[in-house]
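In full-length UniProt numbering, the protein residues as written are 1 to 446. Cβ coordinates follow ideal geometry from the N, Cα and C atoms, glycine included. Worksheet for the structure shown next.
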Amino acid sequence: MAHDAKPHPATARRSPALTGTARVPGDKSISHRSFMFGGLASGETRITGLLEGEDVMRTGEAMKAMGAHITKTGDEWVIRGTGNGALLQPQAPLDFGNAGTGSRLTMGLVGVYDMETTFVGDASLQSRPMARVLDPLREMGMQVLKSSPGDRMPLTLRGPKVAAPISYRVPMASAQVKSAVLLAGLNTPGVTTVIEPVMTRDHTEKMLKGFGANLEVETDSLGVRHIRIEGQGRLTGQTIAVPGDPSSAGFPLVAALIVPGSDITIENVLMNPTRTGLLLTLQEMGGRIEILNPRNAGGEDVADLRVRGSELRGVKVPAERAPSMIDEYPVLAVAAAFAEGETLMEGLDELRVKESDRLSAVANGLKANGVDCTEGEASLSVRGRPDGKGLGGGTVATHLDHRIAMSFLVLGLATEKPVSIDDANMIATSFPEFMGLMKGLGAAIG
């Protein structure tokens, strides 16, 4: 999507029962890391099931700009990496578009190289704070030569001649910060340690080990994780089958729960325990979700999900569950709009620094469509209307945020009146097939 693409509004209407089988695109987190680690490893990496959304493609372009060879043959991506420690200085700024994960992880990767790298992005990405990643990198010897106020993009990094290993306690639950420091540790002599008080998604640790990094994880008696990586080791190319993205699966999943009579199956969904908070919460709300054919694929748990129309009830979602479902709160709020009673979500401060201020965007979108809700500093309470009567009729401001756009199109499938969004363009960043997949299940959307 061009940064100045003309807005493309979309509308969803009350739909008949959704039926059929769907397969969501590959997991976004694993796809980003597949391009990065494959581009850095020696030898050849082969990837199937990769999410071909714009965010992930930006990461691929960045790795190509630093010397990796990336091609696609049929359904398979083939990467010949540079070897650890051998990335080249890019000739032009790395443009990450809307990709927060890609940009932050790449800052960690290149920040300790003895070279200059400039990062740019779209208006949404340029408004997002980068200090949380840059601060530990500064401790390792990196300099920020230029930046917009508040350590925001566009910014230029300069790595040290030789980086210094650090022991870093992550101050917030953030897989991006943890991963950036571990990736910086790859090209740093000695042992870099990340101390993680609250566990977040662990794809970086699992995948780095799979590529051959000397990495170990210890959990102490208080549940605090100590992740140590030995720098300047060799990474070797791997074969990766990317499972379906649980965040993307959340949209057809919630749609099937709230549209009466629905019965759908979503195939090949990642079931990593650090990513299943939405599933657990919806089951607690009375959602009829069956986990079928659980299996292991490439070191990750996957399963198929059968989802049927359900009578939902409000629940209290504990704050400590937030790291395992931080991207899914917008669509959970949509489910809550049709639940009997009140759903209270707490520990949501991280939503304020996503592609948009997601907490305000969700609350405002719900209110615009007649849903009774209260926005707190780090909380959201939603009082549902199970029959959807009187709901809908509003237009939602998406703020260039793909998850806001998709969540509110799902809302419109069960409200009395249609729900519109101001722009659907940015859905392509994470789920290009969203419209086609939902229509294929019977959704009145477009």
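Given Gly286 as reference, the closest of Thr274, Ile258, Thr59 and Met271 once Cα atoms are compared
Here residue 286 corresponds to residue number 286 of the sequence shown, with the count starting at 1. Answer by Cα proximity: Ile258.
Using 8 angstroms as the Cβ pair cut-off and three pairs as the minimum, do the segment 395–411 and the segment 7–18 touch?
yes
In terms of DSSP beta bridges, what is Asp301 paired with?
Walking along the sequence shown from the start, residue 301 turns up at place 301. Answer is Asn296.
Output the distance between the C-alpha atoms of Met1 and Thr429, rounded to the nearest integer angstrom.
For the purposes of this step, residue 1 is identified with residue 1 of the sequence shown, where counting begins at 1. For the purposes of this step, residue 429 is identified with residue 429 of the sequence shown, where counting begins at 1. Reliability of the predicted coordinates at Met1 is poor, the pLDDT of 43 falling under 50, and no value is obtained from them.
Count the other CB atoms, across all protein chains shown, that sit within 10 Å of the CB of Thr192; report buried if there are 16 or more and exposed otherwise.
Within the sequence shown, residue 192 is the residue found at index 192, counting from 1. When all chains shown are included, Thr192 counts as buried.
Per-residue DSSP class, three states only, for Asn268
Sequence index remark: in the sequence shown, residue 268 carries index 268 (1-based). Residue state, collapsed to three classes: strand.
By the three-class DSSP mapping on this structure, what secondary structure does Tyr329 have?
Here residue 329 refers to the residue found at position 329 of the sequence shown. Helix.
Within 10 angstroms of its Cβ, does Gly436 collect 16 or more other Cβ (buried), or is it exposed?
On the sequence shown, position 436 is the one that residue 436 refers to. Classification for Gly436: exposed.
Are Leu183 and Leu109 closer than 9 angstroms when you measure CB to CB?
In the sequence shown, the residue the question calls residue 183 occupies position 183. In the sequence shown, the residue the question calls residue 109 occupies position 109. Their beta carbons are under 9 angstroms apart, which means Leu183 touches Leu109 by this criterion.
Would you mind reading off the limits of the alpha helix (DSSP H) that contains Ile439?
For the purposes of this step, residue 439 is taken as the residue at position 439 of the sequence shown. According to the sequence shown, residue 439 is Lys rather than Ile. Segment Phe434 to Gly440, the alpha helix (DSSP H) holding Lys439.
Cut-off 7 angstroms between Cβ atoms - residues of its own chain near Glu300, not counting five sequence neighbours on either side
As a working mapping, residue 300 is identified with position 300 in the sequence shown. Within the same chain, Glu300 has close Cβ partners Pro243, Leu270 and Asn272.
Reduced DSSP category for Pro246 - H, G, I as helix; E, B as strand; rest coil
Counting from 1 along the sequence shown, the entry for residue 246 is found at position 246. Three-state result, Pro246: helix.
Val396 versus Val254 - alpha carbon distance
Along the sequence shown, one-based indexing puts residue 396 at 396. Along the sequence shown, one-based indexing puts residue 254 at 254. So the alpha carbons of these two residues sit roughly 19 angstroms apart.
Taking DSSP's pairing of strands, which residues face Thr276 in a bridge?
In the sequence shown, the residue the question calls residue 276 occupies position 276. Partner(s): none; Thr276 has no beta bridge.
Using the three-state DSSP reduction, which class does His8 fall into: helix, strand or coil?
Within the sequence shown, the letter at position 8 stands for residue 8. His8 falls in the coil class under three-state DSSP.
Assuming Ser42 and Gly81 make a contact with CB atoms under 8 angstroms, what is their CB distance in whole Å?
Position 42 of the sequence shown, counting from 1, holds the residue named residue 42. Position 81 of the sequence shown, counting from 1, holds the residue named residue 81. Contact flag correct, Cβ pair sits at about 6 angstroms.
Would the beta-carbon of Thr59 fall within 9 angstroms of that of Leu87?
As a first step, residue 59 must be located in the sequence shown, where it is residue number 59. As a first step, residue 87 must be located in the sequence shown, where it is residue number 87. In this structure, Leu87 does not lie closer than 9 angstroms to Thr59 by Cβ.
Cβ contact (3+ pairs, closer than 8 angstroms) linking the segment 60–72 and the segment 123–132:
no
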